[in-house]
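**Student:** The numbering used here applies: residue 142 is where the sequence shown begins, and numbers increase by one.
Note that beta-carbon positions come from the ideal geometry of N, C-alpha and C, so glycine has one too.
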Amino acid sequence: MTSDQRVGFRELGIHAPGSPFEIPVEGKELGGNGYNETSTVKIDAVAKTSKGTVAVVPEYQGDASKVTAKGAGLNKFFPGRPAAFQIDTGLAGTNLLMVGVVTTKGPCEEVVVRHQGQGHYVCSYRIPDRVKGFIFIKYGDKFTYKFNVK
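This is the structure:
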């Protein structure tokens, strides 16, 4: 017996483009009493990189104490205008860099972190209102800097 079945593929609950797909299925009919049946198969995917595959999450050993930050945007901003500062992780080794900007009204709508090469980053943000702001810079699992901006 041959029939067309709909098969959906999802990753993290999001359907893959084009999913669900109709595929022909051949074989002896098993069970099936006229009700729609659903089966779920979970597959552990392996991340692919340009240098092969990564089976586990990499562990970084960068030294957060060697991270430096400078620039006018760390201390002052003008409402509605972009503010910027630089972060240098070049001497710190490899690790994850996280930058957050929050205000007394909540998180900043947009924070842009651009890697310039060799561990140098340019960060920019825009706060629309005259409020107190805070910048958090985290390298790995350690907070490197916390700034009050006015």
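Starting from Ser144, follow its DSSP beta bridges and name the residues at the other end.
**Tutor:** Here residue 144 corresponds to residue number 3 of the sequence shown, with the count starting at 1. According to DSSP, which records beta bridges pairwise, Ser144 is partnered with Val166.
**Student:** Could you give the residue range of the beta strand (DSSP E) that holds Lys211?
**Tutor:** Along the sequence shown, one-based indexing puts residue 211 at 70. Lys211 -> beta strand (DSSP E) spans 209-211.
**Student:** Tell me which same chain residues have a C-beta within less than 8 Å of the C-beta of Lys246, skipping the five on either side of it?
**Tutor:** Locating residue 246 in the sequence shown gives position 105, counting from the first residue. So the list reads Asp270, Val272, once near-sequence residues are dropped.
**Student:** Use the C-beta contact count for Leu232: other C-beta atoms within 10 angstroms, 16 or more gives buried, fewer gives exposed.
**Tutor:** Stepping through the sequence shown from its first residue, residue 232 is reached at position 91. That one is exposed.
**Student:** Ignore the nearest five residues each way along the sequence and tell me which others in Gly234's own chain have a CB closer than 7 Å to its CB.
**Tutor:** On the sequence shown, position 93 is the one that residue 234 refers to. These residues qualify, in order along the chain: Gln202, Gly203, Asp204.
**Student:** Just the C-alpha distance for Val240 and Phe277, rounded to the nearest angstrom, thanks.
**Tutor:** Start at 1 with the first residue of the sequence shown, and residue 240 comes out as number 99. Start at 1 with the first residue of the sequence shown, and residue 277 comes out as number 136. The alpha-carbon atoms of Val240 and Phe277 are separated by roughly 6 Å.
**Student:** Suppose you measure from the CA of Gly258 to the CA of Glu163; what does that come to, to the nearest Å?
**Tutor:** As a position in the sequence shown, residue 258 is number 117, starting the count at 1. As a position in the sequence shown, residue 163 is number 22, starting the count at 1. Looking at the two C-alpha atoms, the distance is approximately 46 Å.
**Student:** Using C-beta distances below 6 Å, list every residue in its chain close to Gly260, excluding the 5 sequence neighbours before and after it, in chain order.
**Tutor:** Position 119 of the sequence shown, counted from the first residue, corresponds to residue 260. So the qualifying residues of the chain are Thr230, Gly231.
**Student:** With DSSP collapsed to three states, give me the class of Gly337.
**Tutor:** What is shown of the chain runs 142 to 291, which leaves residue 337 out entirely.
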